[in-house]
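Numbering (UniProt numbering), first residue to last: 1 to 314.
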Amino acid sequence: MSRSDSEQTISSVRLDIPPRRQWAHGHGYCGETVVQAFGLYNGAWISQQIVRDVNKGEYLIHHVTPEDDQQRRPSGGGGGGDPLTTLTTLKFSYIAWDYQNACQPQFPAYGLWIKQCLLQGFPVMFRTKLDQFFGGHIMPITGIDYSNENTFDEQDTVYYYSLFNREILKQPLSILGSDPAARRVYCSWGCVPLDVCWGIAITGLLDENKVCLPVRLTVAEWDEPCVANRMAARDMIGQVTVQKLTTGKQYILLRYSSYVDVPISGDETAFLKSNYTSKHDFTAHDHIYAYTDPIAINSNGSTYYRCIADPLAT
Numbered sequence: 001m002s003r004s005d006s007e008q009t010i011s012s013v014r015l016d017i018p019p020r021r022q023w024a025h026g027h028g029y030c031g032e033t034v035v036q037a038f039g040l041y042n043g044a045w046i047s048q049q050i051v052r053d054v055n056k057g058e059y060l061i062h063h064v065t066p067e068d069d070q071q072r073r074p075s076g077g078g079g080g081g082d083p084l085t086t087l088t089t090l091k092f093s094y095i096a097w098d099y100q101n102a103c104q105p106q107f108p109a110y111g112l113w114i115k116q117c118l119l120q121g122f123p124v125m126f127r128t129k130l131d132q133f134f135g136g137h138i139m140p141i142t143g144i145d146y147s148n149e150n151t152f153d154e155q156d157t158v159y160y161y162s163l164f165n166r167e168i169l170k171q172p173l174s175i176l177g178s179d180p181a182a183r184r185v186y187c188s189w190g191c192v193p194l195d196v197c198w199g200i201a202i203t204g205l206l207d208e209n210k211v212c213l214p215v216r217l218t219v220a221e222w223d224e225p226c227v228a229n230r231m232a233a234r235d236m237i238g239q240v241t242v243q244k245l246t247t248g249k250q251y252i253l254l255r256y257s258s259y260v261d262v263p264i265s266g267d268e269t270a271f272l273k274s275n276y277t278s279k280h281d282f283t284a285h286d287h288i289y290a291y292t293d294p295i296a297i298n299s300n301g302s303t304y305y306r307c308i309a310d311p312l313a314t
């Protein structure tokens, strides 16, 4: 059945995730850049190189065949460990699409899964295929236009970035899901195969005791100097935004200079005993608080911000 504005109301979700530019070095850092973009959305700066180092090779959102791995190595890619273990090491929580056990064809259920993740505020990294033999691209889905939140609709339109320019791409699911061998339609940076789909939604940073407030981090620069190609790292100024605050309550914003030091459990007192490098105390006068950190963020590292209620405040 065709869809028109007179028949159905179109709703939209757009997550506030700006474009990032990937490194082209080493078979491309598309997966690493998506992790970086989703890190910023959750209050963390993570260099593309750190993602690759932690992953011990090219960051892909699924395991590759030995043949695929060998094709990547001449261009500096290949290798790599478990992508989900890497996310856990970097302190992310996530939901992964179960491409190994999903019913065939996978794409309808996959399209609904993407929509339900976005409706919860969770961005999705996904992989396309450029042809049936080899080649693909990992990109971030940051929005969707939809008519019904509970069913798959091939006319739903998703929004994503290519990681090569600032343009946001939009594609209806009817085109995004396509057999790479058929190539019957044009998809921007490839299509998602109908029989096997890959995706990971980032749900936040690990916080087992649920004591941290949502934090967003932005930097002015949309790219990162490619230290893997011998470029010099740069210092950046971070704009931190804390959300879901209670007016009149006192909070503490903690800064960590490495993902290694960020706690994943404990109450507010435990966070104050952790290995943070600086803190900023503030009283909420609104439900959102913006703070410009005077201490620069080095692009060739990882910097995390966590916000907790002040346990000593009366």
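Backbone N, C-alpha and C fix where the C-beta goes; we use that ideal spot for every residue, glycine too.
Contacting residues, own chain, Cβ-Cβ under 6 Å from residue i (five flanking each side not counted)
i, result
"residue 159", "142, 143, 168 and 170"
"residue 145", "10, 12 and 157"
"residue 164", "none"
"residue 172", "155 and 157"
"residue 242", "213, 215, 289 and 307"
"residue 258", "302"
"residue 204", "42 and 93"
"residue 50", "302"
"residue 8", "147"
"residue 31", "59, 60 and 138"
Whole-Å CB distance - residue i paired with residue j, under 8 Å assumed
i, j, result
"residue 221", "residue 264", "Incorrect: roughly 29 Å between the Cβ atoms, too far for contact."
"residue 223", "residue 105", "About 37 Å separates the two Cβ atoms, so there is no contact after all."
"residue 81", "residue 55", "6 Å"
Cut-off 8 Å between Cβ atoms - residues of its own chain near residue i, not counting five sequence neighbours on either side
i, result
"residue 219", "40, 45, 236, 237, 238, 239 and 297"
"residue 2", "Below a pLDDT of 50, predicted positions are generally treated as unreliable, and residue 2, at 37, falls in that range; the measurement from the model is reported next regardless. Correct list: empty, nothing qualifies."
"residue 84", "94, 96 and 200"
"residue 38", "17, 92, 123, 125, 140 and 202"
"residue 21", "33, 163, 164, 165, 222, 223 and 224"
Option nearest residue i by Cα separation, candidates the options
i, options, result
"residue 177", "162, 138 and 111", "111"
"residue 210", "286, 267 and 83", "267"
"residue 274", "307, 294 and 285", "307"
"residue 16", "149, 212 and 43", "43"
"residue 162", "121, 187, 149 and 152", "187"
"residue 36", "292, 261, 86 and 247", "86"
"residue 197", "291, 272, 100 and 150", "100"
"residue 202", "61, 19 and 137", "61"
"residue 139", "107, 119 and 166", "166"
"residue 270", "114, 311 and 283", "311"
"residue 98", "90, 248, 29 and 113", "113"
"residue 119", "151, 300, 88 and 234", "151"
"residue 299", "291, 272, 33 and 18", "33"
"residue 262", "53, 293 and 305", "305"
"residue 14", "247, 137, 55 and 122", "122"
"residue 283", "260, 309 and 294", "309"
"residue 117", "88, 149 and 89", "149"
"residue 249", "234, 260, 226 and 285", "285"
"residue 246", "287, 53 and 59", "287"
Cβ-based neighbour list, residue i, same chain, cut-off 7 Å, excluding 5 preceding and 5 following
i, result
"residue 73", "Here residue 73 scores only 47 on pLDDT, less than 50, and its place in the model is too uncertain to base an answer on."
"residue 103", "109"
"residue 153", "146 and 147"
"residue 107", "177, 192, 194 and 197"
"residue 47", "224, 299, 300, 301 and 302"
Heavy atom of the ligand SAM within 7 Å of residue i beta-carbon
i, result
"residue 235", "As for the ligand SAM, it is missing from this structure, which has no ligand bound."
- Message: Between the region 251 to 264 and the region 272 to 283, can you find at least three pairs of beta-carbon atoms closer than 8 Å?
- Response: yes
- Three or more beta-carbon pairs under 8 Å between the region 226 to 236 and the region 114 to 128, yes or no? no
- Task: Could you tell me which uninterrupted beta strand (DSSP E) segments, each at least 3 residues in length, are contained entirely in the region 196 to 251, listed from first to last along the chain?
- Result: 199 to 205, 215 to 219 and 238 to 242
- Task: Please list the segments of the alpha helix (DSSP H) lying wholly inside the region 83 to 122, counting only runs of 4 or more residues, in order along the chain.
- Result: 83 to 89 and 107 to 119
- Item | Segments assigned beta strand (DSSP E), at least 3 residues, entirely inside the region 23 to 61 | 44 to 46
- What are the uninterrupted segments assigned as beta strand (DSSP E) that are 3 or more residues long and contained completely in the region 246 to 314, given in chain order? 250 to 256, 278 to 283, 289 to 292 and 302 to 309
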